[in-house]
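Okay, so here's the structure we're looking at.
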Amino acid sequence: MSAHGDPIPMTARRSGPLRGAAVVPGDKSISHRALILGALAVGETRISGLLEGQDVLDTAKAMRAFGAEVTHEGPGDWTVQGVGVGGFAEPADVIDCGNSGTGVRLIMGAMATSPLTATFTGDASLRKRPMGRVTEPLALFGTRAVGRQGGRLPMTLIGAADPVPVRYVVPVPSAQVKSAVLLAGLNAPGETVVIEREATRDHTERMLAGFGATLRTEEVPEGRAIVLTGQPELVPQTIAVPRDPSSAAFPVAAALIVEGSDVLVPGIGLNPTRAGLFATLREMGADLVYENEREEGGEPVADLRARFSPAMAGIEVPPERAPSMIDEYPILAVVAAFASGPTMMRGIGELRVKESDRIAAMAAGLRACGAEVEEGEDWMIVHGMGAGGLPGGAVCATHLDHRIAMSFLCAGLAAQKPVSVDDAGPIATSFPIFEGLMAALGAEFDRGDA
Numbered sequence: 001m002s003a004h005g006d007p008i009p010m011t012a013r014r015s016g017p018l019r020g021a022a023v024v025p026g027d028k029s030i031s032h033r034a035l036i037l038g039a040l041a042v043g044e045t046r047i048s049g050l051l052e053g054q055d056v057l058d059t060a061k062a063m064r065a066f067g068a069e070v071t072h073e074g075p076g077d078w079t080v081q082g083v084g085v086g087g088f089a090e091p092a093d094v095i096d097c098g099n100s101g102t103g104v105r106l107i108m109g110a111m112a113t114s115p116l117t118a119t120f121t122g123d124a125s126l127r128k129r130p131m132g133r134v135t136e137p138l139a140l141f142g143t144r145a146v147g148r149q150g151g152r153l154p155m156t157l158i159g160a161a162d163p164v165p166v167r168y169v170v171p172v173p174s175a176q177v178k179s180a181v182l183l184a185g186l187n188a189p190g191e192t193v194v195i196e197r198e199a200t201r202d203h204t205e206r207m208l209a210g211f212g213a214t215l216r217t218e219e220v221p222e223g224r225a226i227v228l229t230g231q232p233e234l235v236p237q238t239i240a241v242p243r244d245p246s247s248a249a250f251p252v253a254a255a256l257i258v259e260g261s262d263v264l265v266p267g268i269g270l271n272p273t274r275a276g277l278f279a280t281l282r283e284m285g286a287d288l289v290y291e292n293e294r295e296e297g298g299e300p301v302a303d304l305r306a307r308f309s310p311a312m313a314g315i316e317v318p319p320e321r322a323p324s325m326i327d328e329y330p331i332l333a334v335v336a337a338f339a340s341g342p343t344m345m346r347g348i349g350e351l352r353v354k355e356s357d358r359i360a361a362m363a364a365g366l367r368a369c370g371a372e373v374e375e376g377e378d379w380m381i382v383h384g385m386g387a388g389g390l391p392g393g394a395v396c397a398t399h400l401d402h403r404i405a406m407s408f409l410c411a412g413l414a415a416q417k418p419v420s421v422d423d424a425g426p427i428a429t430s431f432p433i434f435e436g437l438m439a440a441l442g443a444e445f446d447r448g449d450a
């Protein structure tokens, strides 16, 4: 699959039982951070299990542009010869982050407190996404940003020559914003404080501590404060990237809705700030079991076994769980369509500004497949039709969004009639082996419309 170029239509047909092991790629969030922090350390960081999707490859290319030596040693194995905090060189060309909102926002943070200028762009989807949520807090350090109307890419950042530490309350739950501010704080003197009212994924804090940064968390009236001491010398690390729970969501969900399925998904990261989907599925009655629970590289890990679950029932998903599963609501909406009764999802307004408006995209596609869906600015209700009950038979628009594409392809495996997507190409940005992995389990995919 290619993330760029001509559209790649694809159709999923009702499949027999999905069986076997689904070895999904490394965690995308951790892969981005390993490359960036490796570039900010002094010496050689070794990474295994790196996700080699286009999003992460674009971040690797960006770190080279800022002066780090990034080498591909073999499948999933990379080394990064870092330049140290404050050691970035000025890029000679525009930094193209492709489809990755995580990549561009974290890289902006990493360079924001160095006296250099960099221009960022991305694909058509990324150029529509607002960057003000990152550039506004970065301006507090002394960084300047000039972009298109609405704070959109292409955008030029002029790093702060004399950065000052900041105290910033994140207005909406966002691990990207929190991480960008913390990365900027690395090259600012004194203590930078980031306060979040709701906990978001904490990979950045865990990895910063692993690289030797001094940071602590404390409770303050506004919420949870992360206090980072600036200008450390980061120590290179050996990092084993856990497998991505957001990628695991697709074979897990498909196994739950395809009759007779039994799929093992090994080595999945179960960081509590990421595992909300799996907790939700179990509350719906999914036959989803954690096996061989362990810890790897400071992150909790387990093997997930998912079996066909015809008795799943709709629930009201706790809105405070949204930050721990924000990327998984599209595939949850598909599972909800095969459960009995309504599934209510609230507090999900963040989905409106992802790679696409994911609430609108999922509602439109599920309605086209015959499901009843209600939606509001920050909520969605999917009225489930029971096991095997979704009629299907639609062509769904993906809006250049990899998770929308994979979600509707999974729906087609259990719907009564085939489900097509207009472009499966963007899947390569996060899960380049999706098609082959699912086919090996028994999924029936065809390139082209139904």
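First residue of the sequence shown? That's 1 in UniProt numbering, and the numbers climb one at a time after it. Note that beta-carbon positions come from the ideal geometry of N, C-alpha and C, so glycine has one too.
Here G285 has S309, A311, M312 and A313 as same chain residues with Cβ atoms under 7 Å from its own Cβ, once five neighbours each way along the sequence are excluded. Rounded to the nearest angstrom, the gap between the Cα atoms of G147 and P266 is 43 Å. Here P171 is exposed: its Cβ has fewer than 16 other Cβ atoms, across all protein chains shown, within 10 Å. Here the alpha carbons of L37 and A240 stand approximately 14 Å from one another. Look at V181 here: in three-state DSSP terms it is helix. Excluding residues up to 5 positions away in sequence, E90 and G159 lie with their Cβ nearer than 6 Å to the Cβ of L116 in the same chain. The Cβ atoms of E44 and P236 sit closer than 8 Å to each other.
Along the length of the region 272-305, whole beta strand (DSSP E) runs at least 3 residues long occupy 287-296, reported in chain order.
For V166, the closest C-alpha among the options S174, F338, R46 and P189 is that of P189. Each residue's CA atom was taken as its position, placing R46 and M131 some 31 Å apart. Between C369 and V419, the C-beta spacing is below 8 Å.
Pairing T119 with P154, the inter-Cα distance amounts to about 7 Å. The three-state reading of DSSP puts I433 in coil, since its state is none of H, G, I, E or B. For A110, the CB contacts under 7 Å within the same chain, skipping 5 residues up- and downstream, are I36, L40 and L183 in chain order. F141: not part of any beta strand (DSSP E); member of the alpha helix (DSSP H) spanning G132 to F141, first to last residue. As far as DSSP is concerned, Q237 takes part in no beta bridge. Assignment of beta-bridge partners to V83 by DSSP yields V42. M111 has no beta-bridge partner at all, per DSSP. In the DSSP assignment, F250 falls within the alpha helix (DSSP H) that extends over P245 to I257. Out of M344, E377, G365 and I30, the CA that lies nearest to the CA of L390 is found in G365. Assigned with DSSP and collapsed to three states, G341 falls in strand. Taking 4 residues as the minimum length, the alpha helix (DSSP H) runs contained wholly in the region 166-226 are 175-185 and 203-210, in order along the chain.
When C-alpha distances from A175 are compared across S247, G341 and R197, the shortest belongs to R197.
Between the alpha carbons of R224 and W379 lies a gap of roughly 26 Å. The C-alpha of V227 lies about 21 Å from the C-alpha of N271.
For R403, no beta strand (DSSP E) encloses it; the enclosing alpha helix (DSSP H) starts and ends at H402 to G412. DSSP links A145 through a beta bridge to L157. Checking the DSSP bridge columns, you'll see G392 partnered with K417. Of the other Cβ atoms in all chains shown, 16 or more fall within 10 Å of the Cβ of N187; this residue is therefore buried. Straight through space, the alpha carbons of R216 and F434 are spaced by roughly 38 Å.
Contact annotation: the region 68-78 does not touch the region 98-110, with fewer than three C-beta pairs closer than 8 Å.
One alpha carbon belongs to H72, the other to E296, and they sit about 22 Å apart.
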